[in-house]
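Engineer:
2 protein chains.
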Amino acid sequence: MSGVRAQQKQKTRQALIEAAFNQLSAEHSFSNLSLREVAREAGIAPTSFYRHFKDMNELGLTMVDEAGLTLRQLMRQARRRIASGGSVIITSVETFMEFIDTSSNQFRLLLRERSGTSKAFRAAVAREIKHFILELAHYLETETPCDKHHAYMQAEAMVTLVFNAGAEALDQDAQQRGELTERLIWQLRYIARGANHYGGQ
Amino acid sequence: MSGVRAQQKQKTRQALIEAAFNQLSAEHSFSNLSLREVAREAGIAPTSFYRHFKDMNELGLTMVDEAGLTLRQLMRQARRRIASGGSVIITSVETFMEFIDTSSNQFRLLLRERSGTSKAFRAAVAREIKHFILELAHYLETETPCDKHHAYMQAEAMVTLVFNAGAEALDQDAQQRGELTERLIWQLRYIARGANHYGGQ
DNA sequence: AATTTCAGCGTACAGTTGTACGCTAAAATA
DNA sequence: TATTTTAGCGTACAACTGTACGCTGAAATT
Numbered sequence: 001m002s003g004v005r006a007q008q009k010q011k012t013r014q015a016l017i018e019a020a021f022n023q024l025s026a027e028h029s030f031s032n033l034s035l036r037e038v039a040r041e042a043g044i045a046p047t048s049f050y051r052h053f054k055d056m057n058e059l060g061l062t063m064v065d066e067a068g069l070t071l072r073q074l075m076r077q078a079r080r081r082i083a084s085g086g087s088v089i090i091t092s093v094e095t096f097m098e099f100i101d102t103s104s105n106q107f108r109l110l111l112r113e114r115s116g117t118s119k120a121f122r123a124a125v126a127r128e129i130k131h132f133i134l135e136l137a138h139y140l141e142t143e144t145p146c147d148k149h150h151a152y153m154q155a156e157a158m159v160t161l162v163f164n165a166g167a168e169a170l171d172q173d174a175q176q177r178g179e180l181t182e183r184l185i186w187q188l189r190y191i192a193r194g195a196n197h198y199g200g201q
Numbered sequence: 001m002s003g004v005r006a007q008q009k010q011k012t013r014q015a016l017i018e019a020a021f022n023q024l025s026a027e028h029s030f031s032n033l034s035l036r037e038v039a040r041e042a043g044i045a046p047t048s049f050y051r052h053f054k055d056m057n058e059l060g061l062t063m064v065d066e067a068g069l070t071l072r073q074l075m076r077q078a079r080r081r082i083a084s085g086g087s088v089i090i091t092s093v094e095t096f097m098e099f100i101d102t103s104s105n106q107f108r109l110l111l112r113e114r115s116g117t118s119k120a121f122r123a124a125v126a127r128e129i130k131h132f133i134l135e136l137a138h139y140l141e142t143e144t145p146c147d148k149h150h151a152y153m154q155a156e157a158m159v160t161l162v163f164n165a166g167a168e169a170l171d172q173d174a175q176q177r178g179e180l181t182e183r184l185i186w187q188l189r190y191i192a193r194g195a196n197h198y199g200g201q
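Chains U and Z, in that order, give the protein sequences.
Read the first sequence against the numbering used here and you will find it ends at 201, with the numbers running on by one and no gaps.
Read the second sequence against the numbering used here and you will find it ends at 201, with the numbers running on by one and no gaps.
1. Against chain Z, does residue 105/U count as a neighbour if the rule is that its beta carbon must be under 8 Å from one of theirs?
2. So within the region 141-198 of chain Z, which uninterrupted alpha helix (DSSP H) runs reach at least 4 residues, ignoring any that extend past its ends?
3. Alpha carbon to alpha carbon, what distance is there between residue 102/Z and residue 7/Z?
4. Would you say residue 136/U and residue 67/U are within 8 Å of each other, going by their C-beta atoms?
5. Residue 130/Z: which of 100/Z, 98/Z and 163/Z sits nearest, CA to CA?
6. Please give the ranges of any alpha helix (DSSP H) in the region 10-64 of chain Z, keeping only runs that are unbroken, at least 4 residues long and fully inside the region.
7. Name the chain U residues whose beta carbon is nearer than 7 Å to that of residue 160/Z?
8. Among 30/Z, 201/Z and 18/Z, whose alpha-carbon lies nearest the alpha-carbon of residue 115/U?
9. Would you identify the three-state DSSP class for residue 68/Z, choosing helix, strand or coil?
10. Given that a residue counts as buried once 16 or more other Cβ atoms are within 10 Å of its Cβ, and exposed if not, what is residue 149/U?
11. Which residues in chain Z sit within 7 Å of residue 157/U, going by Cβ to Cβ distance?
12. So if I threshold CB-CB distances at 9 Å, which residues from the region 13-45 of chain U count as touching chain Z?
13. Just the chain Z side, please: which residues come within less than 8 Å of residue 68/U by C-beta, in chain order?
14. Is the region 153-162 of chain U in contact with the region 60-80 of chain Z, if contact means three or more CB pairs nearer than 8 Å?
15. Please name the residue, chosen from 133/U, 9/U and 57/U, that lies closest to residue 120/U on a Cα-to-Cα basis.
16. Would residue 198/Z and residue 198/U qualify as a contact pair, given that the criterion is a beta-carbon distance under 8 Å?
17. Anyone know if the C-beta pair for residue 78/Z and residue 146/Z falls short of 8 Å?
18. Helix, strand or coil: how does DSSP classify residue 117/Z here?
19. Given a cut-off of 8 Å on the beta-carbon distance, is the pair residue 59/Z and residue 24/Z in contact?
20. Going by beta carbon distance, what residues of the same chain come within less than 8 Å of residue 89/U, once the five residues before and after it are set aside?
21. When you compare each of 200/U, 134/U and 80/U to residue 160/U by their alpha carbons, which one comes out closest?
22. Could you pull out every residue in the same chain whose Cβ sits closer than 8 Å to the Cβ of residue 112/Z, ignoring the five residues on either side in sequence?
23. State buried or exposed for residue 71/Z, treating a residue as buried only when at least 16 other CB atoms are found within 10 Å of its CB.
24. Pop quiz: residue 106/U and residue 21/U are said to be a contact at Cβ under 8 Å. What is the actual Cβ separation, rounded to whole angstroms?
25. Are residue 12/Z and residue 42/Z close, meaning C-beta to C-beta below 8 Å?
26. For the region 78-97 of chain Z, enumerate the residues whose C-beta is nearer than 8 Å to any C-beta of chain U, in chain order.
27. Are the Cβ atoms of residue 98/U and residue 69/U separated by less than 8 Å?
28. Which residues mark the beginning and the end of the alpha helix (DSSP H) in which residue 84/U is found?
29. Would you please state the rounded distance, in angstroms, between the beta carbons of residue 100/U and residue 166/U? I believe it to be under 8 Å.
30. Could you tell me the distance, in whole angstroms, from the CA atom of residue 95/Z to the CA atom of residue 87/Z?
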């Protein structure tokens, strides 16, 4: 197992994934990517692409998984910061904005494919976001005075706002982002306040 | 003015717009549309397309305007319903869900191009949504005990949640939509409650 | 009635796309 | 050592794309 051969294969597979991520940008979405261009950037012949993925769709789903993984890792790190005494809301927002800044193409993929033309893509992104919501809901349920159902709705609303703010931030400069983040934090406070009122135990 | 000629031109122009909207669907986004296919469905030769639009981009921006118009008209109608004694939150949500149901392709356009690959498109959609937010903010400021800044943030949060719920609803059956709508209404209540607490006068 | 304007057409072309097919050389296996 | 497996390549092709160019006939203008 794991001979020279399999190792090299894994390497070019990763090269394909990275080439595809590289070609995502503000002006280029996944559905505009061409198999040939991706193969070219990865340094292999177009037809060799098929040794790794059935088609572009399969590549895309792999990329969604990878982006979801990045996001989850980042949030795990956020939870550590919170545990050592940070504010939940502020730390989470900061962490998310960091994700957008350092992995903007991964975020763009999730953002766009959430409402894209492939049902499989939409489902995959929805799954990643649901992870996120469930984790937050669990936290809210155990750490704040809020019953289970309301904790879920609260988490859902919060994640939606954060995600959308991230989308807006993509087009903004530092100052606008600052204002956006400030508004976002107020909005999250509204939700926390309201949820604790209606769902308080 | 308005001779037979100009009238016919206007007619095929509209045919192009409608053909393009027709070709939008869950599986087909604007950027996948081809000039040739649109022209074909509108019943004109590919090259005649240029008599009406400089390129597909210009067509798309026109479509965004049209979708925005539809949405604004619908919301004006909602305001009448509210004036004659309906609940603000519930009436607005119902009206929006109606928009998604009866003009799903127009909604899909706004939804997707909001995070699409053309900055001009994103700006156009953002403008339509901002209209929406400002109107709601004005209502909240005058009709509820909430200062201007908080009214704006409240409106922004609410529109974000409604818009996103609409996006989710596109893939759902009647029952799921019912549950979604119920959650959405709770979430809007959270925001109203929180905003009035922090921004109450 | 003579002239101008212009929506729509057909032809043509160069560029790009996905992918079928068969080959090669090197790694893996027997 | 002999055989099998397979990642990657090159060639080839049909389908489709946007759009340049020049023509036509009818509406509009003079």
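Idealized CB from N, CA, C, for every residue including glycine.
Structural biologist: Judging by the given coordinates:
1. no
2. Runs of the alpha helix (DSSP H) inside the region 141-198 of chain Z: 148-169.
3. 28 Å
4. Pairing residue 136/U with residue 67/U gives a Cβ-Cβ distance that is not under 8 Å.
5. 163/Z
6. Runs of the alpha helix (DSSP H) inside the region 10-64 of chain Z: 35-42.
7. 160, 161 and 164
8. 30/Z
9. helix
10. With a threshold of 16 other beta carbon atoms within 10 Å, residue 149/U falls short and is exposed.
11. 161, 187 and 190
12. 25, 26, 27, 28, 29, 31 and 32
13. Under the 8 Å cutoff, chain Z gives no residues; its nearest Cβ is about 17 Å from residue 68/U.
14. As far as the Cβ criterion goes, the region 153-162 of chain U does not touch the region 60-80 of chain Z, which means the pair count is below three.
15. With distances taken between Cα atoms, residue 120/U lies closest to 57/U.
16. Residue 198/U sits away from residue 198/Z, with the two beta carbons spaced by 8 Å or more.
17. For residue 78/Z and residue 146/Z, no; Cβs fall outside 8 Å.
18. Of the three classes helix, strand and coil, the one that applies to residue 117/Z here is coil, per DSSP.
19. For the pair residue 59/Z and residue 24/Z, the CB atoms are not nearer than the 8 Å cut-off.
20. These residues qualify, in order along the chain: 185, 188, 189 and 192.
21. 134/U
22. 29 and 30
23. The residue is buried, with at least 16 neighbouring Cβ atoms inside 10 Å.
24. With a Cβ gap of about 7 Å, residue 106/U and residue 21/U count as contacting.
25. yes
26. none
27. Against a cut-off of 8 Å, the Cβ pair of residue 69/U and residue 98/U comes out as no contact.
28. First-last for residue 84/U: undefined, no H or E at that position.
29. 5 Å
30. 12 Å
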